[in-house]
Amino acid sequence: MTRRMIVQSSVFGLLAAAIPNIIYSKNILKFISDKKRGSITNERYPAIPLEIASEVVGASHFDLIRVQELVDARPELAKANWDWGFGDWESAIAAASHTGRKDIVEYLVSRGAVPTIFTYAMLGAYDPVKAMVDFYPGIQKNLGPHGISLLKHAKLGLETEGVNQS
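In terms of the working numbering, the sequence shown opens at residue 3 and continues consecutively.
Encoded structure:
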């Protein structure tokens, strides 16, 4: 192997390593310039607009008819979440759970919402709650949205049992 072959091989090796980086950097520059021109209209695309998520979570505290209107039009809203601030995240099903709205919980679950330990406690499904506590000792001390305890959810379920909420 001659010195000339080593130099030529090195040059081709460097080019082979550099070309993908050059192409990638051009794509990044194009993306940045497109973004500055406003071609990307919503940085959260395709996320649910915050005002709609807020509305469905808010309505899930007390208004079955409004929740049905919103979720029937956009089924993904059954899983909507809202941050009330300082990490106080609340889902639509959590809102219905801590207000004892079994009718709203049942509707949301039928549309794909995922029940939590707090939902099961409010519904009086104590076997799944006990199984979760046995599996994760201490989980019963975790607080739900707005700092509401598991025990408070269970008591609320008992208080609203048999109450017509429509």
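Every residue gets a Cβ at the ideal spot worked out from N, C-alpha and C, and that includes glycine.
With DSSP run on the structure shown, which of helix, strand or coil describes residue i?
i, result
"glutamate 92", "strand"
"tyrosine 138", "coil"
"arginine 103", "coil"
"serine 112", "helix"
"methionine 124", "helix"
"leucine 145", "coil"
"glutamate 161", "helix"
"isoleucine 54", "helix"
"methionine 3", "coil"
How many angstroms separate the CA atom of residue i from the CA atom of residue j?
i, j, result
"lysine 157", "leucine 145", "15 angstroms"
"isoleucine 175", "methionine 134", "Residue coverage of the chain in this structure runs from 3 to 168, which leaves residue 175 outside it and unanswerable."
"lysine 104", "leucine 52", "25 angstroms"
"alanine 2", "phenylalanine 88", "Residue 2 lies beyond the stretch modelled for the chain, which goes from 3 to 168, so this question has no answer here."
"isoleucine 67", "alanine 97", "15 angstroms"
"glycine 159", "glycine 102", "6 angstroms"
"serine 41", "arginine 113", "Below a pLDDT of 50, predicted positions are generally treated as unreliable, and serine 41, at 49, falls in that range; the measurement from the model is reported next regardless. Distance between the alpha carbons of serine 41 and arginine 113 is about 34 angstroms."
"methionine 7", "alanine 49", "55 angstroms"
"serine 62", "glutamate 71", "12 angstroms"
State yes or no: is the C-beta of residue i within less than 8 angstroms of the C-beta of residue j?
i, j, result
"proline 117", "isoleucine 95", "yes"
"phenylalanine 120", "histidine 148", "no"
"leucine 79", "valine 107", "no"
"valine 131", "alanine 123", "yes"
"serine 93", "alanine 82", "yes"
"tyrosine 109", "valine 59", "no"
Using 8 angstroms as the limit for Cβ to Cβ distance, is residue i near chain D?
i, result
"tyrosine 122", "The chain inventory of the structure shown lacks chain D, comprising one protein chain alone."
Margin query: If we require 3 or more residues per run, which beta strand (DSSP E) segments fall completely within the region 56-95?
Written below: 83-85 and 91-93
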